[in-house]
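If you're matching positions, the sequence shown starts at 530 in my numbering and goes up one per residue. Here a beta-carbon is modelled for each residue, glycine too, at the ideal position from N, C-alpha and C. As structure tokens, the structure follows; a few thoughts come after it.
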Amino acid sequence: MKKILPLLLMLLFNNLYSQEVEYEILNTSINSKFAELGVTYSGNNSVIFASSKKDNSGRRTNNRQLSLELYHGLIAENGDIIQTDKFSKEINNKFFESDIAFTPDFKTIYFTWNNFYSALKSKDSAKWKTLYMFKASINEKFELSNVTPVPFNSKEYSVRSPRVSKDGKKLYFVSDMPGGFGETDIYVVEINNQGNYGAPKNLGASVNTKLSELFPYTDQNNTLYFSSNGHKGLGGLDIFKSEFKNGNFEQAVSLPSPFNSKYDDFAFVIDNASNSGYFTSDRDGGKGDVDIYAFKEKCLQTITILTLNESNEQPLEKVFVSLFQNNKLVEKQTISKGSNYKFNVNCKESYKIIAEKENFETSEITITTDDKNKSEITKSLKLTPIECVQLLSGNI
């Protein structure tokens with residue numbers, strides 16, 4: 530059994546949009562000794578995810594795939610997934626893929642079934658590997674109707690891992706259809722206003738390789754995230770992104786550690802508004818076969834302290850400025866030129882700041898931050914000069 534990873538990890542890196550951001554990484558509480566993987570946003574602050582069946586003594590089906598069922602859960606404030614229950618019975622009856630996709634209005638769903646029943650009748654287990662994509666209407670109770678296959682399914686290859694663009698006009702998927710670059714490639718079809726589909730289009734060499742590309746996801750900026758074992762990475766499946774510019778996807782680049790590891794990392798999704806999301810990994814320190822990890826941008830603020838000479842209101846240099854939290858020193862700064870001292874602090878916390886300089890009285894201030902991410906607080910600390918008193922002695 531893998532060693533249990535501490536639930537909270539901190540990281541600092543160039544973020545997904547080339548800004549320095551600190552994230553919190555959480556091994557979600559839904560994870561078990563089995564497999565939990567793949568997250569899809571389902572509206573109303575909720576998600577759908579897949580889990581291997583808990584009542585199976587064997588972990589995999591005859592076609593070496595995990596036997597999975599879909600679950601619905603709510604998103605907690607810290608990104609954890611809570612209050613889970615089983616998703617649609619219709620899908621779970623024949624379901625072997627972790628990925629489903631909703632249209633932006635959450636009234637239509639795409640999902641993957643395999644051809645288990647057809648293969649069973651023909652007694653040809655090799656055919657179990659073929660996966661088909663279906664489209665259906667779905668209501669608020671997750672009941673399906675009007676279940677129909679998409680027109681680009683084929684008995685000769687699989688069509689899987691659907692994802693709908695945020696504007697609802699494109700459907701991305703994974704396939705091993707002939708004419709691709711490798712084992713499995715990522716494709717896209719256009720969806721017109723009548724709900725009809727264009728011809729499948731391979732995303733090209735900037736995304737696809739001679740090996741496998743899987744788990745496509747596009748965010749609000751049309752950036753594509755996917756997993757691959759064909760691009761250069763840290764090992765196994767890694768998570769990559771490709772920005773969409775001038776009508777094409779640019780060369781894919783890998784996300785930094787710890788999103789990626791030497792293990793398999795995949796099924797990345799992100800909500801741009803909150804800069805939070807989920808990914809799946811079988812990295813060391815997890816709870817089971819594969820685990821779902823939540824990530825969320827940490828709420829940070831900047832405190833700027835201006836040090837001034839109280840007697841003349843002029844900037845005061847070479848001051849020692851210390852930041853304390855709960856009576857513990859967090860950081861101490863001094864600069865030879867200038868009087869601005871900047872501290873990065875957490876939201877919704879209380880800090881004491883003390884300014885010290887030789888021949889000046891110590892000055893301090895207490896600041897309590899609010900919950901507004903990236904806000905800036907500027908305060909002045911005025912230091913009073915200590916009067917120099919000299920005693921003269923002698924005879925007059």
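Buried/exposed call for residue i, threshold 16 Cβ in 10 Å
i, result
"Ser-654", "With a pLDDT of 46 at Ser-654, under the threshold of 50, the predicted position of this residue should be treated as unreliable, though the coordinate-derived value follows. Ser-654 is exposed by the Cβ-count criterion."
"Leu-766", "buried"
"Lys-825", "buried"
"Gln-780", "exposed"
"Pro-745", "buried"
"Asn-556", "buried"
"Lys-928", "Since the displayed the chain opens at 530 and closes at 925, residue 928 lies outside it and no answer follows."
"Asn-869", "exposed"
"Asp-900", "exposed"
"Glu-742", "buried"
"Asp-628", "buried"
"Leu-852", "buried"
"Asp-982", "Given that the chain is displayed from residue 530 to residue 925, the structure contains no residue 982 and the question cannot be resolved."
"Pro-691", "buried"
"Asn-722", "exposed"
"Asp-614", "exposed"
"Pro-707", "exposed"
"Pro-535", "At Pro-535, the pLDDT of 38 sits below 50, so the modelled position is not reliable; the number obtained from the coordinates is stated separately. Answer is exposed; the Cβ neighbour count stays below 16."
"Phe-633", "Before going further, note that residue 633 is Pro rather than Phe in the sequence given. Under this definition Pro-633 is an exposed residue."
"Ile-643", "Residue identity check: residue 643 is Asn in the sequence provided, not Ile. Classification of Asn-643: buried, given that the 10 Å Cβ count is 16 or more."
"Lys-650", "Annotation note: pLDDT 41 at Lys-650 (below 50); position unreliable, coordinate value reported separately. Under this definition Lys-650 is an exposed residue."
"Glu-606", "exposed"
"Leu-910", "buried"
"Ile-832", "buried"
Reduced DSSP secondary structure (H/G/I, E/B, other) of residue i
i, result
"Ile-620", "helix"
"Lys-911", "strand"
"Pro-680", "coil"
"Val-848", "coil"
"Gly-572", "strand"
"Ile-864", "coil"
"Leu-753", "strand"
"Gly-762", "coil"
"Tyr-792", "coil"
"Ser-558", "coil"
"Val-859", "strand"
"Glu-598", "strand"
"Ser-904", "coil"
"Leu-740", "coil"
"Gly-613", "Position check: residue 613 holds Thr in this sequence, whereas Gly was assumed. Thr-613: strand per DSSP, three-state reduction."
"Leu-784", "coil"
"Asn-607", "coil"
"Ile-629", "coil"
"Thr-747", "strand"
"Ser-580", "strand"
"Asp-767", "strand"
"Gly-567", "strand"
"Phe-635", "coil"
"Asn-888", "coil"
"Gln-879", "A quick correction: the sequence has Ser, not Gln, at residue 879. Strand at Ser-879."
"Asp-899", "coil"
"Asn-924", "coil"
Pair within 8 Å by beta-carbon distance, residue i and residue j
i, j, result
"Leu-837", "Gln-843", "yes"
"Gly-867", "Glu-846", "yes"
"Ile-559", "Ile-604", "no"
"Ile-554", "Tyr-822", "yes"
"Phe-681", "Val-718", "yes"
"Val-848", "Ala-884", "yes"
"Phe-635", "Ser-571", "yes"
"Leu-673", "Glu-598", "no"
"Ser-694", "Thr-637", "no"
"Gln-854", "Ser-904", "no"
"Asn-737", "Phe-773", "no"
"Gly-567", "Thr-897", "no"
"Leu-784", "Ile-768", "yes"
"Cys-828", "Asn-902", "yes"
"Thr-641", "Tyr-661", "yes"
"Ser-687", "Ser-666", "no"
"Ile-720", "Lys-699", "yes"
"Tyr-726", "Val-679", "yes"
"Ala-564", "Ser-581", "yes"
"Phe-795", "Ser-756", "yes"
Proximity test, residue i beta-carbon vs the ligand ZN heavy atom, cut-off 7 Å
i, result
"Leu-852", "In the structure on display, the ligand ZN does not appear, and there are no ligands present to speak of."
**Prompt:** With contact counted as at least three CB pairs below 8 Å, one residue from each stretch, are the segment 810-822 and the segment 885-895 in contact?
**Reply:** no
**Item:** Secondary structure, beta strand (DSSP E): runs of 3+ residues fully inside the segment 803-832
**Value:** 805-810, 820-826
**Prompt:** Hey, which unbroken runs of the beta strand (DSSP E) at 3 residues or more fall wholly within the segment 653-734?
**Reply:** 660-667, 673-678, 688-693, 699-704, 714-719
**Prompt:** Would the segment 756-765 and the segment 718-731 be scored as touching if the rule is three or more Cβ pairs under 8 Å?
**Reply:** no
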